[in-house]
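Input: a single structure, listed below in structure tokens.
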Amino acid sequence: MKLTLSKPDNIGVLASTLCVVHCIATPFIFIAQTCSVTCCEASPSWWQFIDYIFLVISFFAVYRSTQTTSKKLIKPALWISWVALFVVIINEKLGLFHLPETYKYVAALTLVVLHLYNQKYCQCKNDKCCTHNE
Numbered sequence: 184m185k186l187t188l189s190k191p192d193n194i195g196v197l198a199s200t201l202c203v204v205h206c207i208a209t210p211f212i213f214i215a216q217t218c219s220v221t222c223c224e225a226s227p228s229w230w231q232f233i234d235y236i237f238l239v240i241s242f243f244a245v246y247r248s249t250q251t252t253s254k255k256l257i258k259p260a261l262w263i264s265w266v267a268l269f270v271v272i273i274n275e276k277l278g279l280f281h282l283p284e285t286y287k288y289v290a291a292l293t294l295v296v297l298h299l300y301n302q303k304y305c306q307c308k309n310d311k312c313c314t315h316n317e
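Per the numbering used here, the sequence shown starts with residue 184, numbered consecutively.
Structure (structure tokens):
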């Protein structure tokens, strides 16, 4: 937890990137699985659970990043991206309506880009610029 508090953008970039890799790898894993065993269509529950782990980690990274950013536009952008990723993943799990897979990638990659941008250009130089002191 200390790492999340001290380097939230690094954690956000890592979690979002791993989420994208997880999303990209899933179809290939199941294509390989169907070639070897044709009995199961569903992915293992532990593999599906990883989505929720990424959501929780990225939530805390976004929360902490929005507390330490110096740019007001980054705050809503990070939250909108996280909410979009959350909605897409929950919708995928519940099957409420059909959304293209690209929405998940766009939301996760947007989080990566925003965390990288925030890390490079939006860090407070002193305690007076951050949200917790305003």
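Don't be surprised by glycine CBs; every beta carbon is placed ideally from N, CA and C.
- As far as DSSP is concerned, T251 takes part in no beta bridge.
- The segment 288-298 makes contact with the segment 192-207; the number of CB pairs closer than 8 Å reaches 3 or more.
- Separation of the CB atoms of V245 and L261 is rounded to 5 Å, and the pair is thereby assigned contact status at 8 Å.
- Its Cα nearest to that of T249, the residue W265 stands out among D234, W265, I236 and L238.
- As the crow flies, the alpha-carbon of V271 is around 6 Å from that of K287.
- A Cβ-Cβ distance of about 20 Å is found for the pair S228 and A198, leaving them out of contact under the 8 Å criterion.
- Shown here, L261 sits in a helix according to DSSP, grouped into three states.
- Burial is judged here by how many other beta carbons sit within 10 angstroms of a residue's own beta carbon; V196 has at least 16 and is buried.
- Between Y304 and the set A291, C202 and S253, the nearest pair of CA atoms involves S253.
- Take the alpha-carbon of C206 and the one of F237: they are about 11 Å apart.
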